[in-house]
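Just so you know, we're using numbering that gives the first Met the number 0 here: the sequence shown kicks off at 0 and counts up by one. Have a look at the structure below, then the notes.
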Amino acid sequence: MARKPMMAGNWKMNNTIAEAVVLTQEISNNFDREWPEDVDVVICPPYVDLKPAKTVLDFDKTKVAVNAQNVFWEPSGAYTGEISVPMIKEIGCAGSIVGHSERRELFGETNEDVNRKVKALVEAGLYAIVCVGESLGVRDDGTTEEYVTAQVRAAFAGVDAMDAQRCVVAYEPIWAIGTGRTATPEQAEAVCAAIRATLSELFGPAVAEEMRVLYGGSMNPANVEGLMAQPNIDGGLIGGASLKADSFIQLVKACL
Ligand code: PEP
């Protein structure tokens, strides 16, 4: 069965509630409200924007899902500043990004933390968009595939195939994020194929065939076609180009 592509917009720390409502409305207004069935469109706004964005999409009956950018693994308690899985679930989020390289690099998130977050999400019936990717140093050392597949193994340690199946992996080379420098389609495909081979070892070939592997890192309307033509790239995790409805919708259309 062919995998359904996914385009997920990671807004990062951008857009106040008022701005988020406008951008969500602009996204929602596309396709004459007849949202295509054959691509999953996801936006990941900051926490405070989740509910307003979801309200706009629900009101318009738009088939765009709202996911969080991060989540904590405990369900409640004395964890000042954190947001739990039940909290995002109540808003109507079906999932969350986990282990984005900015979380790993700027906030010290480890592979073990990522694994706890993945488990908390799947145990609550949600899914994770698990980000993995190498630095320029790792790429120059020639150990990219080893490094990235180790991140995949760590993220899914102790997760069973049934739960893993609804998760998504996003391959995001750190040197390509927000830099305007994209991995070539061949570079991205080689790592995404290695990720799928690892998923196959972990969960069996049938599950690995079902799981979506996205590319992220300066994906934009000019380079999306070459990336989407690769057999192991099932969509994108988009930063900068998801902050304008026009460019985001062009990326969605590239999946159709
Ligand atoms: C990201 O933040 O996940 C990302 C891929 O950003 P950008 O598209 O801006 O490189």
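Ideal placement from N, C-alpha and C gives every residue a C-beta, glycine not left out.
Judged by DSSP in its simplified three-state form, isoleucine 176 adopts coil rather than helix or strand. In this structure glutamate 133 is buried. Its beta-carbon is surrounded by 16 or more other beta-carbon atoms within 10 angstroms.
Per DSSP, the beta-bridge partners of arginine 211 are Val167. Residue side-chain check: leucine 236 places its Cβ nearer than 7 Å to a non-hydrogen atom of the ligand PEP. No heavy atom of the ligand PEP is found nearer than 7 Å to the CB of alanine 163. Boundaries of the alpha helix (DSSP H) harbouring leucine 120: 110-122, taken from the DSSP string.
Close CB contacts of valine 121 within its chain, under the 8 Å cut and outside five residues either way in sequence, are with Ala127, Val158, Asp162, Ala163, Arg165, Cys166 (chain order). Contact between the segment 37-47 and the segment 4-13 is present: three or more C-beta pairs spanning the two stretches fall below 8 Å.
A Cβ-Cβ distance of about 18 Å is found for the pair valine 251 and valine 212, leaving them out of contact under the 8 Å criterion. Contact between glutamate 33 and alanine 244 does not hold, since the beta-carbon distance rounds to 17 Å and is not under 8 Å.
The closest heavy atom of the ligand PEP lies 7 Å or more from the beta carbon of serine 246. For asparagine 9, the distance from the CB to the nearest heavy atom of the ligand PEP is below 7 Å. A heavy atom of the ligand PEP is found nearer than 7 Å to the CB of serine 217. The beta carbon of arginine 2 sits closer than 6 Å to the beta carbons of Arg211, Asp233 from its chain, once the five residues preceding and following it are set aside; these are given in chain order.
With 16 or more other CB atoms across the displayed protein chains lying within 10 angstroms of its CB, lysine 53 is buried. DSSP, read as helix, strand or coil, puts serine 27 in helix. For glycine 239, the Cβ falls inside the 7 Å cut-off from some heavy atom of the ligand PEP. The criterion of a C-beta distance shorter than 8 Å is satisfied by proline 51 and alanine 19. It is roughly 30 Å from the alpha-carbon of proline 4 to the alpha-carbon of phenylalanine 106. Contact annotation: the segment 80-93 does not touch the segment 136-143, with fewer than three C-beta pairs closer than 8 Å. In this structure cysteine 130 touches glycine 98 by the C-beta definition: roughly 5 Å separates them, less than 8 Å. As a beta-bridge residue in DSSP terms, leucine 236 pairs with Ala7.
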